[in-house]
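Have a look at the structure below before the remarks.
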Amino acid sequence: MAGLLFGTLVRDDAALAEQRKGALDRREPPQWSPAPFDIIVLDEFQDCTELLFWLTNCFIFANDQKAGGQSARLVVLGDERQSIYGFRGADDRYLSLAPELLGPVNPYPFVRAQLDQSFRLSCQSVRFINNTFLGGESYIISSKPGPKPIVIRCHCWDGNALAKQLSALIKRYGAKNTAIIAPVVRKRGPLQNVVNLLSEQYDVPIYVSIEEEVALDDRVIEGKMCVSTIHQFKGSERDLVILFGLDSSFFEYVGRDLPDDSCPNEIFVALTRAAEQLVLVHFEEAKLMPFASVAALYETADIVNITRNRNRIEPPKAPGRPLERGLMLPRSIAVRDIVRHIKDEHLDAIVDSHLCIQARSPLPKDEHIRLLDVVVSDRGKRFHEAVSDLNGLVVVAAFEYEIAGTLDTLELNQSDIDTMPAICSQEGVSWLCRKACSYEAHVSGYRPRNIQMENHAFDWIEPDDLALARSRLHGELSESAANPKFEVRAERLFSIDDQKCQLVGRADIVVAMSNSGGNNVTGVESIWEIKFVSQLSNQHVIQACTYAYLLKLPRIILYNVRNGQKWEITPRDGQEGLHRMVERVVRLKYTSIGKVNDEEFTKICAGARWEGLSIRCSVDDGSETR
Numbered sequence: 156m157a158g159l160l161f162g163t164l165v166r167d168d169a170a171l172a173e174q175r176k177g178a179l180d181r182r183e184p185p186q187w188s189p190a191p192f193d194i195i196v197l198d199e200f201q202d203c204t205e206l207l208f209w210l211t212n213c214f215i216f217a218n219d220q221k222a223g224g225q226s227a228r229l230v231v232l233g234d235e236r237q238s239i240y241g242f243r244g245a246d247d248r249y250l251s252l253a254p255e256l257l258g259p260v261n262p263y264p265f266v267r268a269q270l271d272q273s274f275r276l277s278c279q280s281v282r283f284i285n286n287t288f289l290g291g292e293s294y295i296i297s298s299k300p301g302p303k304p305i306v307i308r309c310h311c312w313d314g315n316a317l318a319k320q321l322s323a324l325i326k327r328y329g330a331k332n333t334a335i336i337a338p339v340v341r342k343r344g345p346l347q348n349v350v351n352l353l354s355e356q357y358d359v360p361i362y363v364s365i366e367e368e369v370a371l372d373d374r375v376i377e378g379k380m381c382v383s384t385i386h387q388f389k390g391s392e393r394d395l396v397i398l399f400g401l402d403s404s405f406f407e408y409v410g411r412d413l414p415d416d417s418c419p420n421e422i423f424v425a426l427t428r429a430a431e432q433l434v435l436v437h438f439e440e441a442k443l444m445p446f447a448s449v450a451a452l453y454e455t456a457d458i459v460n461i462t463r464n465r466n467r468i469e470p471p472k473a474p475g476r477p478l479e480r481g482l483m484l485p486r487s488i489a490v491r492d493i494v495r496h497i498k499d500e501h502l503d504a505i506v507d508s509h510l511c512i513q514a515r516s517p518l519p520k521d522e523h524i525r526l527l528d529v530v531v532s533d534r535g536k537r538f539h540e541a542v543s544d545l546n547g548l549v550v551v552a553a554f555e556y557e558i559a560g561t562l563d564t565l566e567l568n569q570s571d572i573d574t575m576p577a578i579c580s581q582e583g584v585s586w587l588c589r590k591a592c593s594y595e596a597h598v599s600g601y602r603p604r605n606i607q608m609e610n611h612a613f614d615w616i617e618p619d620d621l622a623l624a625r626s627r628l629h630g631e632l633s634e635s636a637a638n639p640k641f642e643v644r645a646e647r648l649f650s651i652d653d654q655k656c657q658l659v660g661r662a663d664i665v666v667a668m669s670n671s672g673g674n675n676v677t678g679v680e681s682i683w684e685i686k687f688v689s690q691l692s693n694q695h696v697i698q699a700c701t702y703a704y705l706l707k708l709p710r711i712i713l714y715n716v717r718n719g720q721k722w723e724i725t726p727r728d729g730q731e732g733l734h735r736m737v738e739r740v741v742r743l744k745y746t747s748i749g750k751v752n753d754e755e756f757t758k759i760c761a762g763a764r765w766e767g768l769s770i771r772c773s774v775d776d777g778s779e780t781r
């Protein structure tokens, strides 16, 4: 919709924010060129943000103008209990207060209707959810028949027994109809172990989604069991859904700022993804969530006990723990995760405040290096695998090998390197791709992709393309750089107020820049973060600058091999400025401040609405500058 209103591609919120700023600066309202709508349906409105609310108002104004002033009917749909994107600025009050927020732009009265009938969930799943997790409230109804939910009671350390139980269910429903969902999938623990066992011992085809900000790719998940976070799987369903991590530990990590006497929205979303069979994995070492009913659990679900404990599952601790607002640092923060779940506008403000960026424009499009990001792994079964993350690894590794004769990027020793074919051959390129796949499996802890690609030729990168990528890096680095170091570990204890955490990560390349003659290393070290992406972003900037802070390096370069884009980044106030930048990012990520009150929220919405209207009014009365 935004693309049609602004007449250009609008990829994400950052691009939409730019269009908003441009429309305000130019006093040029978005225009709707297609035929106007008589009815506008605003679906999933509990996920609306201030930016999307502004866009919604602009669309309503533009549609009304196209219709000659005739207003369209509005239908606003959603479910407050499925509002789980608060970290993006979403607020369920855009839905619950819709009559007040949208009434000023629409003349028709609003009528509230309760849509409690579920066509996905079976009546057995509905009983389980309502009675065990919602305190007996009949929030959902269903007349669809289906099996009782299953609760598998097991030990977190007995992955073999759990994998055996799950494999039988997966075989019954099919991997393509199965999903495993958890609040977090990147964390090492029982989930990784079970997923690996299902792949290695039971030949279950699996797709694990590590990057939850990236939408699930239908090509890659087709025919496979999907392992995903709750946030990423929202809006999807599978016949068999297996849930991990729905215990009291949720409130220690993910939901520390949520009350523990009622079902969090994330948990409700997870519980409502199964079209046929819902399975809850309960580890004996964990407690049920404080609001959950053990009595209802036994009444509404089949308990499969694979422990030696024949007593009933212990009741949970009483609810009522104090909410943990404000800053709370974890023990460790990976640099690669430091900007995850921070809104683009906040990152933009931090970059503008603390950094100067000298940007070199990308090369013409016909000079971009185009590598496949998805490859066929089994033509007979029509399986595909995502490889975009491997492309970047291979490019840096090939460059490292050529100039240093090492492969620290892939953590390979000399005995491994001695088996490598010539790097200019297809065999050498394929060898690197295979090693990159193994390396990623080691780093992430998930082995299914590596197993599923065991018989793949790893030939999606052409030697000429890799040679071009290497030559671009040579052009940037080889003439003036001395003693390059790859995959440099960066670590430092970081303190905010009275709290401490360990910042850890690995920088791509650290080099000392030599003098103009190339004979003397003068000691001005720089950090190079190498990307192979469609475009650089401020997320990449923050990541590179955090490495520079940890390693105390003064010069920061972000380079995109794919299109030749290069950003040279200078902190406005040196290391002290980088420290303040990192502190702002960490505070944003790990501070819980709660929602603004309804009065303030309504004012914010009125401001967004007036902003959209004022642009259009300035054009209608001829007051804009031409």
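In terms of the numbering used here, the sequence shown is residues 156 to 781. Beta carbons are placed, not taken as given, at the ideal position from N, Cα and C, and that holds for glycine.
So, with DSSP's three-state summary, where would you put residue i?
i, result
"residue 331", "helix"
"residue 380", "strand"
"residue 687", "coil"
"residue 349", "helix"
"residue 642", "strand"
"residue 697", "helix"
"residue 311", "coil"
"residue 514", "strand"
"residue 609", "coil"
"residue 556", "helix"
"residue 162", "coil"
For residue i, count neighbouring C-beta atoms within 10 Å of its own C-beta (all shown protein chains included) and say buried if the count is 16 or more, exposed if not.
i, result
"residue 520", "exposed"
"residue 354", "buried"
"residue 464", "exposed"
"residue 196", "exposed"
"residue 690", "exposed"
"residue 194", "exposed"
"residue 546", "buried"
"residue 755", "exposed"
"residue 641", "buried"
"residue 356", "exposed"
"residue 342", "exposed"
"residue 163", "exposed"
"residue 789", "Residue 789 is absent from the model: the chain starts at 156 and stops at 781."
"residue 648", "exposed"
Once the 5 residues before and after residue i are set aside, which same chain residues still bring their CB inside 7 Å of it?
i, result
"residue 250", "200, 201, 231, 233, 235"
"residue 222", "191"
"residue 500", "172"
"residue 289", "418"
"residue 618", "579, 580, 581, 584"
"residue 298", "278"
"residue 738", "651"
"residue 178", "184, 185, 770"
"residue 242", "496"
"residue 498", "243, 244"
"residue 387", "364, 367, 371"
What residues in its chain sit with their C-beta under 8 Å from that of residue i, if we drop five residues either side in the sequence?
i, result
"residue 377", "331, 537, 538, 539"
"residue 748", "480, 481"
"residue 160", "185, 186, 187, 210, 213, 214, 217"
Between residue i and residue j, is the Cβ-Cβ spacing less than 7 Å?
i, j, result
"residue 261", "residue 229", "yes"
"residue 567", "residue 745", "no"
"residue 430", "residue 275", "yes"
"residue 657", "residue 487", "yes"
"residue 415", "residue 474", "yes"
"residue 550", "residue 624", "yes"
"residue 452", "residue 395", "no"
"residue 530", "residue 615", "yes"
"residue 564", "residue 557", "no"
"residue 791", "residue 239", "One cannot answer for residue 791 here, as it falls past the ends of the chain, which runs 156 to 781."
"residue 426", "residue 296", "no"
Counting only the same chain and skipping the five closest in sequence on each side, list residues whose C-beta sits under 6 Å from that of residue i.
i, result
"residue 384", "340, 367"
"residue 457", "303, 305"
"residue 286", "451, 455"
"residue 215", "260"
Does chain D have any CB closer than 7 Å to the CB of residue i?
i, result
"residue 214", "Of the protein chains in the structure, only one exists, and it is not chain D."
message: With three or more beta-carbon pairs closer than 8 Å as the criterion, would you say the stretch 172–187 touches the stretch 702–709?
response: no
- prompt: Does the stretch 726–739 come within contact of the stretch 510–527, defined as at least 3 CB pairs closer than 8 Å?
  reply: yes
message: Contact between the stretch 400–414 and the stretch 558–574 is defined here as three or more beta-carbon pairs at a separation below 8 Å; is this criterion met?
response: no
message: Taking 8 Å as the cut-off, does the stretch 516–531 touch the stretch 588–599 (at least 3 CB pairs, one atom from each stretch)?
response: no
field: Meets three-Cβ-pair contact criterion under 8 Å: the stretch 252–270 and the stretch 385–399
entry: no
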